[in-house]
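Residue numbers (our numbering): 7 to 139.
Every residue, glycine too, gets a C-beta built ideally from N, C-alpha and C.
Data block below; observations after.
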């Protein structure tokens, strides 16, 4: 269940019980779900942007030792940024359909992207830990 959905549902129920049921939108669970989903989608896009910045940082650290790998990591970070933009612009159902289609058509790309992002993030955290010592 998305964060905040239960508290919004309780608030809506209390609103109707208190005699404030004239506002049909606040009592409509579908409208509330759509609002919560939109908020969560925005929060997710913000987190993806932060992850892309971290991946770019990891690529910058890799550039001195492995310039070719750094280019690939920068490309992955750019894909994350494009993904965050798409997340902001598209509906939740459209996004899920696209993700499922990618998983069916090219599962290796999906797996490879996840592995590359994990590698880049782990390098970034490792270099951050080493520099703080």
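Element boundaries [alpha helix (DSSP H), containing residue i]
{"i": "residue 66", "result": "35–71"}
{"i": "residue 97", "result": "First-last for residue 97: undefined, no H or E at that position."}
Rounded distance between the beta-carbons of residue j and residue i, thought under 8 Å
{"i": "residue 69", "j": "residue 127", "result": "With a Cβ gap of about 16 Å, residue 69 and residue 127 do not count as contacting."}
{"i": "residue 51", "j": "residue 98", "result": "12 Å between Cβ atoms; not a contact."}
{"i": "residue 129", "j": "residue 62", "result": "Rounded, the Cβ-Cβ distance is 12 Å, inconsistent with contact."}
{"i": "residue 101", "j": "residue 109", "result": "About 13 Å; that fails the 8 Å criterion."}
Give a yes or no on contact between the stretch 34–42 and the stretch 53–63, applying the rule of three or more CB pairs nearer than 8 Å.
-> Under the three-pair Cβ rule at 8 Å, the stretch 34–42 does not count as touching the stretch 53–63.
Below 8 Å, can you find three or more Cβ-Cβ pairs linking the stretch 77–87 to the stretch 120–129?
-> Here the stretch 77–87 lies against the stretch 120–129, with 3 or more beta-carbon pairs under 8 Å apart.
Could you tell me whether the stretch 68–80 touches the stretch 88–101, where touching means 3 or more Cβ pairs closer than 8 Å?
-> By the Cβ rule, the stretch 68–80 does not count as touching the stretch 88–101, because fewer than three pairs are nearer than 8 Å.
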